[in-house]
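Enquirer: Before I ask anything, here is the structure I am working with.
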Amino acid sequence: EYDRTTNSLMGLVVPFDDATGLPKKNQLKANSAANIEACISKYQKAEYVQAIIAQVNHPGAPSFVLGLYATDNRFTKENVTSRTKHYYRELEARGIKLLMTGSDGDARFLSSQKSLVRFGTITEYCSLQLAGNVNSKHLPNQDSDHILKKIKNPFYDPCYVMRIGHHNASRSHLVM
């Protein structure tokens with residue numbers, strides 16, 4: 002699709018910028034018929050759209066789109082981490098404090114969020130999210146349903162033991 006306001010093509014997948022984790026800029030300029038043909042030949046048609054939505058921490062304030070781009074769903078944890086850091090820096094430079102980030106249950110997002118708060122295991126990470134992290138500049142917050150499911154699922158294994166502080170929790174604690 003052609004966007005006349007930016008004189009660019011839309012809907013094609015371009016490589017990510019390592020510094021920002023976002024698609025590289027100005028890759029799809031439609032300056033000539035030859036340029037358009039080259040872009041269509043070089044880049045594949047996107048199958049998905051990645052949307053980054055912001056919610057203001059004020060009652061009644063509407064959410065808004067921070068970013069929207071075409072993707073083939075072939076991005077890495079590193080792309081997600083770079084993008085989160087980029088948004089954090091940009092918001093901070095404008096006097097906006099990022100309190101929390103979240104996403105769907107995609108492992109790349111969860112792994113990125115986990116690395117941003119410097120935790121080793123999913124058990125530690127889930128425990129932290131439920132308790133809150135006062136040492137982090139912002140608190141990644143995966144969807145609560147996904148967090149609880151990740152905590153609950155290991156308990157289907159009768160041998161699984163979760164360490165909580167100085168205590169152990171196992172399936173036997175849940176069976177009455």
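As numbered in my numbering, residues 2 to 177 make up the sequence shown, in order. Glycine included, each C-beta is placed from N, C-alpha and C at the ideal position.
How many whole angstroms separate the CB atoms of Gly12 and Lys46, which I take to be in contact at a CB cut-off of 8 angstroms?
Expert: Here residue 12 is taken as the residue at index 11 of the sequence shown, counted from 1. Here residue 46 is taken as the residue at index 45 of the sequence shown, counted from 1. Contact flag correct, Cβ pair sits at about 6 angstroms.
Enquirer: Does DSSP put Asn27 in a helix, in a strand, or in coil?
Expert: As a working mapping, residue 27 is identified with position 26 in the sequence shown. Looking at Asn27 - three-state DSSP - the assignment turns out to be coil, as it is neither helix nor strand.
Enquirer: In its own chain, which residues sit with a C-beta less than 6 angstroms from the C-beta of Pro155, not counting the 5 before and 5 after it?
Expert: The residue labelled residue 155 in the question sits at position 154 within the sequence shown. These residues qualify, in order along the chain: Tyr161.
Enquirer: What number of angstroms, rounded off, separates the C-alpha of Gly74 from the C-alpha of Val15?
Expert: Counting from 1 along the sequence shown, the entry for residue 74 is found at position 73. Counting from 1 along the sequence shown, the entry for residue 15 is found at position 14. Checking the sequence, you will find Asn at residue 74 rather than Gly. Looking at the two C-alpha atoms, the distance is approximately 12 angstroms.
Enquirer: I'd like to know if the region 94-110 and the region 24-36 are in contact, where contact means that at least 3 CB-CB pairs between them fall below 8 angstroms.
Expert: No, the region 94-110 does not touch the region 24-36.
Enquirer: Please identify the residue among Val81, Ala62, His59 and Ala39 whose C-alpha is closest to the C-alpha of Gly22.
Expert: Indexing the sequence shown from 1 puts residue 22 at position 21. It is Val81 whose Cα lies nearest to the Cα of Gly22.
Enquirer: Of the choices Val176, Arg5, Lys78 and Ile165, whose alpha-carbon is the least far from that of Pro159?
Expert: For the purposes of this step, residue 159 is taken as residue 158 along the sequence shown, with counting starting at 1. Answer by Cα proximity: Val176.
Enquirer: Going by DSSP in three states, Leu13 sits in which element: helix, strand or coil?
Expert: Working through the sequence shown from its first residue, we reach residue 13 at position 12. It is a strand residue.
Enquirer: Output the distance between the C-alpha atoms of Ser171 and Met163, rounded to the nearest integer angstrom.
Expert: Here residue 171 refers to the residue found at position 170 when the sequence shown is read from its first residue. Here residue 163 refers to the residue found at position 162 when the sequence shown is read from its first residue. So the two alpha carbons sit approximately 6 angstroms from each other.
Enquirer: By alpha-carbon positions, which one of Ala52, Ser9 and Gly68 ends up nearest to Asn39?
Expert: Position 38 of the sequence shown, counted from the first residue, corresponds to residue 39. With the sequence shown as reference, residue 39 is identified as Ala, and Asn is not the correct amino acid for it. Among Ala52, Ser9 and Gly68, the Cα nearest to that of Ala39 is on Ser9.
Enquirer: Just to check my reading of the structure: Pro153 and Arg109 have Cβ atoms closer than 8 angstroms, yes? What is that Cβ distance to the nearest angstrom?
Expert: Along the sequence shown, read from residue 1 onward, the residue named residue 153 stands at position 152. Along the sequence shown, read from residue 1 onward, the residue named residue 109 stands at position 108. For clarity, residue 153 is Lys in the given sequence; the question names Pro instead. That pair is no contact at about 22 angstroms.
Enquirer: Comparing C-alpha positions only, which one of Phe17, Ser33 and Phe65 sits nearest to Arg5?
Expert: To locate residue 5, count along the sequence shown from 1; it is residue 4. The option with the nearest alpha carbon to Arg5 is Ser33.
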